[in-house]
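Engineer: So the sequence shown is numbered by our numbering: it starts at 1 and just counts up by one.
The beta-carbon is built from N, C-alpha and C at its ideal position, and this holds for glycine as well.
Okay, handing you the structure first.
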Amino acid sequence: MRLDVVTIFPEYLEPLNVSLVGKARARGQLDVRIHDLREWTHDKHHTVDDTPYGGGPGMVMKPDPWGEALDTVLASGEGEPVLVVPTPSGVPFTQQLAVELSAKPWLVFTPARYEGIDRRVIEEYGDRLDVREVSIGDYVLAGGEAPVLVMVEAIARLLPGVLGNAASHQDDSFAPGAMADLLEGPVYTKPPEWRGRTIPDVLLSGHHGKIARWRRDEAFRRTDANRPDLIERADPAAFDKKDRDI
Ligand code: ADE
């Protein structure tokens, strides 16, 4: 998969060199290219923003550098990428969207600073490409770079061969499957006793059926406590009689 990021803070994307994404790059599974938007400015101060038409606070990112930057990036590859525009006004970034984007061969991210990018840029590329305006949550950050890090990590770990153990994202919270509507429950590892705290006996029982039932019950309890909205909006058929007894 190829990923391009156009930003005025290339150094903000340096975490893409470490851990899971860094290793995927080193193995050639991910081709990540970071571009400095200011390379496509032509004035002495490398200006990327200006005051908003109609007045109001803050600054708006100018269309000219974005247009030149995106034309250059688009011309440098085969086919058409999906353009991912991080903005608090976008559609929610969900596991489902991460799965959908992980199947695309090429994504271009356009993290903005200030009050966002001149609307005409989104319209211009929306006429030619699949453009997704995406929010990572109901809060406002100073820019879209942190959202890009979040989205790239969520997408990259879904690529074949990127996670050591392919099964490890199958029972993630929000992953499609038997526990699709539930958050993941608690986990334990050695030692069997730590500061006088033991682990639930069932996990030592070797009884796979009982362990599965316990995991589901814990997932249900945690979801009910932390995200009751997930249970309310789920298909009632997703829950069995034993779930409802909790
Ligand atoms: N830019 C600023 N806040 C954001 C958010 N919550 N999601 C995506 N991009 C953003």
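Could you tell me the alpha carbon to alpha carbon distance between A69 and P191, rounded to whole angstroms?
Structural biologist: If you number the sequence shown from 1, residue 69 lands on position 69. If you number the sequence shown from 1, residue 191 lands on position 191. Distance between the alpha carbons of A69 and P191: 54 Å.
Engineer: For A175, I'd like the list of residues in its chain whose CB is within less than 7 Å of its CB, leaving aside the five on either flank, ordered along the chain.
Structural biologist: The residue given as residue 175 occupies position 175 in the sequence shown. Excluding positions up to five away in sequence, the list reads Q95, H169.
Engineer: Would you kindly check if the distance between the Cβ of V131 and the Cβ of I122 is under 9 Å?
Structural biologist: Within the sequence shown, the letter at position 122 stands for residue 122. Within the sequence shown, the letter at position 131 stands for residue 131. Cβ distance < 9 Å, so I122 and V131 count as in contact.
Engineer: With the cut-off set at 9 Å, would you say P86 and D138 are in Cβ contact?
Structural biologist: Within the sequence shown, residue 86 is the residue found at index 86, counting from 1. Within the sequence shown, residue 138 is the residue found at index 138, counting from 1. Contact flag unset, no.
Engineer: Helix, strand or coil for H42, going by three-state DSSP, please let me know.
Structural biologist: By one-based count along the sequence shown, residue 42 stands at place 42. Here H42 sits in coil by DSSP.
Engineer: Do you know how far the Cα of V108 is from the Cα of T41?
Structural biologist: Within the sequence shown, numbered from 1, the residue matching residue 41 stands at position 41. Within the sequence shown, numbered from 1, the residue matching residue 108 stands at position 108. T41 and V108: Cα-Cα distance of roughly 19 Å.
Engineer: Heavy atom of the ligand ADE less than 8 Å from the Cβ of I136, yes or no?
Structural biologist: Position 136 of the sequence shown, counting from 1, holds the residue named residue 136. Yes, Cβ of I136 sits closer than 8 Å to a heavy atom of the ligand ADE.
Engineer: Would you kindly work out how many angstroms separate the C-alpha atoms of R197 and P186, rounded to a whole number?
Structural biologist: For this step, residue 197 is matched to residue 197 along the sequence shown. For this step, residue 186 is matched to residue 186 along the sequence shown. Straight-line Cα distance between these residues: approximately 14 Å.
Engineer: Comparing the CB of L141 with every heavy atom of the ligand ADE, is any distance shorter than 8 Å?
Structural biologist: Here residue 141 corresponds to residue number 141 of the sequence shown, with the count starting at 1. Yes, the beta carbon of L141 sits closer than 8 Å to at least one heavy atom of the ligand ADE.
Engineer: Just how far apart, CA to CA, sit R213 and V99?
Structural biologist: Stepping through the sequence shown from its first residue, residue 213 is reached at position 213. Stepping through the sequence shown from its first residue, residue 99 is reached at position 99. R213 and V99: Cα-Cα distance of roughly 27 Å.
Engineer: Since G143 sits in a beta bridge, which residues does DSSP pair it with?
Structural biologist: One-based indexing of the sequence shown puts residue 143 at position 143. The partner list for G143 (beta bridge, DSSP) reads R113.
Engineer: In terms of alpha-carbon separation, which member of E145, R195, A225, E153 lies closest to E184?
Structural biologist: Within the sequence shown, the letter at position 184 stands for residue 184. Nearest option by C-alpha distance: A225.
Engineer: Quickly, what does DSSP pair R197 with across the bridge? List them, please.
Structural biologist: In the sequence shown, residue 197 corresponds to position 197, counting from 1. According to DSSP, R197 bridges with W194.
Engineer: Whose C-alpha, out of M179, L101, V21, is nearest the C-alpha of D217?
Structural biologist: In the sequence shown, residue 217 corresponds to position 217, counting from 1. Taking only the C-alpha atoms, the option nearest D217 is M179.
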